[in-house]
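In this note's numbering, the protein residues as written are 46 to 345.
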């Protein structure tokens, strides 16, 4: 069995406990306006073009078998429409200006890479995190990989948008030591506007996994223009109040995805959001904590 992978990063410290290896799977049903890994959205292979590395030698044109795609590597949008996806241009480029994103890997191949870090996992309490993209969009591969990791006693985590079939989440739950559950918005209209999918399915899956005994950590993205308000703070406190034992951490929006869109030849897919300051996140977190305390003590 193979899965679509676009990166494997070692020595990660922000994707669960301890030192971790994060396996990024390619393909996601969401189209978040703030996505920091836009190259993960499509399951198909893609090309990143690093304009500053290009020396104009023309080797890519000579390697390209698609007549309509030749001499268009500096026009990334046009290249995307006409490219046949063979990546011969990336293989031929002498400066690394063209990078192929996406590869098929078997469970065994992923495990071979992961095993090299087992000693770090053991000493730090770490393990492997499946991220994306959306791991649940490749559920059969994800499930097989979870089973292989569990057989070898490796701690497992899944970073998920919460979108997918409920039955898949419940099947994955016993094999998942930690769920890193993204909260993108708790306003149904805004959620659908900025991700392309309805909010209800995410919440249904979250509550079902929690009822099934899942160890869940909410990861709430924080964009001042969308989230720094009383309505979102109240909705987040309400959600936490109904999820006993679940905690939340706040993920600051950043603009790294914008440069990746340029390399993919894609336009910006949303408004120009502002990254928050640490103080803004601290204040918002304190606000949610205060509201949650009031709900749990009945002191409104």
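From the three backbone atoms N, C-alpha and C, an ideal C-beta is built for every residue, glycine too.
Residue i classed as buried or exposed, judged by whether at least 16 other C-beta atoms fall within 10 angstroms
i, result
"residue 211", "exposed"
"residue 264", "buried"
"residue 91", "buried"
"residue 321", "buried"
"residue 56", "exposed"
"residue 294", "exposed"
"residue 102", "exposed"
"residue 299", "exposed"
"residue 308", "buried"
"residue 301", "exposed"
"residue 86", "buried"
"residue 162", "buried"
"residue 132", "buried"
"residue 233", "exposed"
"residue 255", "buried"
Three-state secondary structure (DSSP) of residue i
i, result
"residue 292", "strand"
"residue 100", "coil"
"residue 84", "helix"
"residue 318", "coil"
"residue 54", "strand"
"residue 64", "coil"
"residue 341", "helix"
"residue 428", "No answer is possible for residue 428: it lies beyond the span of the chain, which begins at 46 and ends at 345."
"residue 89", "coil"
"residue 123", "In this prediction, residue 123 scores a pLDDT of 49, lower than 50, which makes its location untrustworthy; no coordinate-derived value is stated."
"residue 327", "helix"
"residue 144", "strand"
"residue 297", "strand"
"residue 306", "helix"
"residue 242", "coil"
"residue 270", "helix"
"residue 237", "helix"
"residue 221", "coil"
"residue 59", "coil"
"residue 111", "coil"
"residue 132", "coil"
"residue 183", "helix"
"residue 154", "helix"
"residue 211", "helix"
Heavy atom of the ligand ZN within 7 Å of residue i beta-carbon
i, result
"residue 306", "Ligands are entirely absent from the displayed structure, and the ligand ZN is therefore not among its contents."
Presumed contact (8 Å Cβ cut-off) between residue i and residue j, rounded CB distance
i, j, result
"residue 267", "residue 245", "Between residue 245 and residue 267 the Cβ distance is about 22 Å, and since that is not below 8 Å, they are no contact."
"residue 156", "residue 193", "5 Å"
"residue 105", "residue 137", "6 Å"
"residue 70", "residue 84", "Between residue 84 and residue 70 the Cβ distance is about 12 Å, and since that is not below 8 Å, they are no contact."
"residue 172", "residue 89", "Contact flag wrong, Cβ pair sits at about 29 Å."
"residue 276", "residue 46", "That pair is no contact at about 44 Å."
"residue 286", "residue 329", "Contact doesn't hold; Cβ gap of about 17 Å is too wide."
"residue 48", "residue 186", "3 Å"
"residue 191", "residue 221", "7 Å"
Identified DSSP bridge partners for residue i
i, result
"residue 149", "49"
"residue 227", "264"
"residue 173", "66 and 201"
"residue 94", "143"
Checklist entry - With a cut-off of 8 Å, do at least 3 Cβ pairs link the stretch 166–183 to the stretch 194–213? => result In this structure the stretch 166–183 lies against the stretch 194–213, because at least three pairs of beta carbons, one per stretch, are closer than 8 Å.
Checklist entry - Would you call the stretch 64–80 and the stretch 237–250 in contact, with 3 or more CB pairs under 8 Å? => result Yes, they touch.
Next on the checklist: Is it the case that the stretch 272–281 contacts the stretch 330–342, given that we only count it when at least three CB pairs across the two stretches are under 8 Å?
Outcome noted: The stretch 330–342 is in contact with the stretch 272–281.
Checklist entry - Counting Cβ pairs closer than 8 Å, one from the stretch 51–71 and one from the stretch 191–203, do we hit at least three? => result The stretch 51–71 and the stretch 191–203 touch, with no fewer than 3 CB-CB distances between them shorter than 8 Å.
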